[in-house]
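Numbering (our numbering), first residue to last: 703 to 858. Quick reminder that beta carbons are idealized off the backbone N, C-alpha and C, glycines included.
Take a look at the structure:
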């Protein structure tokens, strides 16, 4: 696969995550979406459900990873990639590492709690039994606008 095709796939899958983020916003949730991809196909989707479930656990990544595990019948997602609209937090990075996801692609950086390089890069920790590669900034402006527009509406 050449680099141009690779970039087109990144954009396609990030747009799928953005659709999930829009669903979150339509339900009054902070608009963060995620998709899990295996062999070029979306196998699971998720969006924030913290307000609905009234639990801090239900981040978009958690929902998508749980669905991917159920769909594949395995907790190991070593041949999968995750696309998420916002840089994952420490909880989600821990889950990504534990589920052995191969690559993380995120849209907007999260300067307050991002753990893929903004605040800290937990994937760079030595002695991890899993190597996960991280790629950030895919459709970053669009992903960032989703969140800033959502909070502008909330403030009105």
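Identity of the residues DSSP links to residue i by a beta bridge
| i | result |
| --- | --- |
| residue 838 | 808 |
| residue 788 | 810 |
| residue 818 | 823 |
Proximity of residue i and residue j at Cβ, strictly below 8 Å
| i | j | result |
| --- | --- | --- |
| residue 856 | residue 788 | no |
| residue 841 | residue 809 | yes |
| residue 722 | residue 735 | yes |
| residue 767 | residue 738 | yes |
| residue 760 | residue 772 | no |
| residue 802 | residue 779 | yes |
| residue 740 | residue 781 | yes |
| residue 731 | residue 754 | yes |
Own chain, CB closer than 6 Å to residue i, minus 5 neighbours either side, in chain order
| i | result |
| --- | --- |
| residue 812 | 788, 789 and 820 |
| residue 814 | none |
Sequence-distant residues of the same chain with beta carbon closer than 8 Å to residue i, five excluded per side
| i | result |
| --- | --- |
| residue 805 | 783, 784, 834, 835, 836 and 837 |
| residue 733 | 723, 724, 726, 727, 749, 750, 787, 848, 849 and 852 |
Nearest-angstrom Cα separation, counted from residue j out to residue i
| i | j | result |
| --- | --- | --- |
| residue 799 | residue 764 | 12 Å |
| residue 797 | residue 818 | 13 Å |
| residue 729 | residue 710 | 29 Å |
| residue 715 | residue 839 | 13 Å |
| residue 831 | residue 822 | 19 Å |
Other residues of its chain near residue i: CB distance less than 7 Å, five sequence neighbours each side excluded
| i | result |
| --- | --- |
| residue 758 | 752 |
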